[in-house]
């Protein structure tokens with residue numbers, strides 16, 4: 022119920038109903054099209070894939086929903102087209118892959134606007150990958166991971182409006198950085214970062230021209246070659262307080 026021209030909506034909003042899932046192996050639960058809208062749904066995936074997937078889609082709205090998947094909650098890429106997505110009031114989770122993966126690294130573009138998006142990655146899942154996107158204003162609440170198999174939080178080559186995080190908490194990484202922001206001209210604001218043990222740099226800020234402001238950093242490196250905080254070729258960086266262990270501060 023609730024499937025119509027405006028998209029998929031929960032006609033029993035607040036009832037705890039309308040759980041949408043699939044057990045088909047290797048298939049996303051929802052495949053987006055242009056002008057798709059998801060509002061007020063609980064989406065799961067038991068087929069080893071993501072909850073919601075889109076490639077080359079424009080004017081997409083995903084709001085007021087709780088979404089998780091076995092290999093990511095939401096994955097959207099530009100697909101060589103002029104693509105755009107709005108994300109609002111979302112709780113996202115996954116146990117593997119990347120919980121929220123947004124990429125404009127193809128031949129097209131991807132514009133993202135987001136507000137009140139919380140990410141809880143568990144197992145080996147990375148929390149977030151923003152790659153080559155234009156920000157229409159992006160704001161996350163809390164972002165957390167378990168011990169991620171790869172870089173846990175990645176913001177790379179983001180332009181346009183600001184990117185904000187309330188807090189980022191990374192338990193650790195098997196390989197790669199805990200939090201990495203690179204080649205980004207958008208201003209980035211983060212309330213707090215904690216990294217429990219990263220194989221690479223716990224917090225890496227490299228090649229950014231946009232201002233970066235972080236309230237506090239508490240970072241532990243478990244690998245042999247990482248720094249608690251690594252800064253290279255960055256613009257203005259302001260950090261309120263810094264505590265590191267197991268690694269140096271590198272510039």
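Numbering (the working numbering), first residue to last: 22 to 272. Cβ atoms here follow ideal geometry from the backbone N, Cα and C, with glycine treated the same way. Nothing here was measured: the structure is a model prediction, and the numbers come from that model.
Next on the checklist: Spatial neighbours of residue 218 within its chain, please: C-beta separation below 6 Å, excluding the five flanking residues on both sides.
Outcome noted: 193, 241, 243
Checklist entry - On the premise that residue 95 lies in contact with residue 72, defined as a C-beta separation below 8 Å, what is that separation, rounded to the nearest angstrom? => result 6 Å
Item to check | Inter-residue Cα distance where the pair is residue 245 and residue 175 | outcome: 21 Å
Checklist entry - Who pairs with residue 176 in a beta bridge, going by DSSP? => result 151, 202
Item to check | Buried or exposed by the 16-neighbour rule on C-beta atoms within 10 Å, applied to residue 195 | outcome: exposed
Item to check | Helix, strand or coil at residue 65 according to DSSP, with G and I counted as helix | outcome: coil
Item to check | residue 265 - partner residues in DSSP beta bridges | outcome: 240
Checklist entry - For residue 220, which of helix, strand or coil comes out of DSSP? => result coil
Checklist entry - So residue 231 packs on residue 207, CB below 8 Å; how close in whole Å? => result 5 Å
Item to check | For residue 257, the three-state DSSP class (helix, strand or coil) | outcome: coil
Item to check | Cβ neighbour criterion (16 or more within 10 Å) applied to residue 41 | outcome: buried
Next on the checklist: If we require 3 or more residues per run, which beta strand (DSSP E) segments fall completely within the region 98 to 137?
Outcome noted: 103 to 115, 119 to 124
Item to check | Residue from 131, 87, 118 whose Cα sits closest to the Cα of residue 101 | outcome: 131
Checklist entry - Smallest Cα separation from residue 211: which of 251, 49, 235, 89? => result 235
Item to check | Rounded straight-line distance, which links the Cα of residue 252 to that of residue 81 | outcome: 35 Å
Item to check | Whole-number beta carbon distance between residue 61 and residue 85, since they are thought to touch under 8 Å | outcome: 5 Å
Next on the checklist: Here's a check: name, in chain order, each residue in its chain whose Cβ is nearer than 7 Å to the Cβ of residue 181, leaving out the five neighbours to either side.
Outcome noted: 155, 156, 157, 207
Next on the checklist: Run through the DSSP bridge pairs and tell me what residue 227 is partnered with.
Outcome noted: 203, 253
Item to check | Pairwise C-alpha distance: residue 44 and residue 187 | outcome: 34 Å
Next on the checklist: Please classify residue 115 as buried or exposed, where buried requires at least 16 neighbouring CB atoms within 10 angstroms.
Outcome noted: buried
Next on the checklist: Just list the residues that DSSP pairs residue 58 with in beta bridges.
Outcome noted: 82
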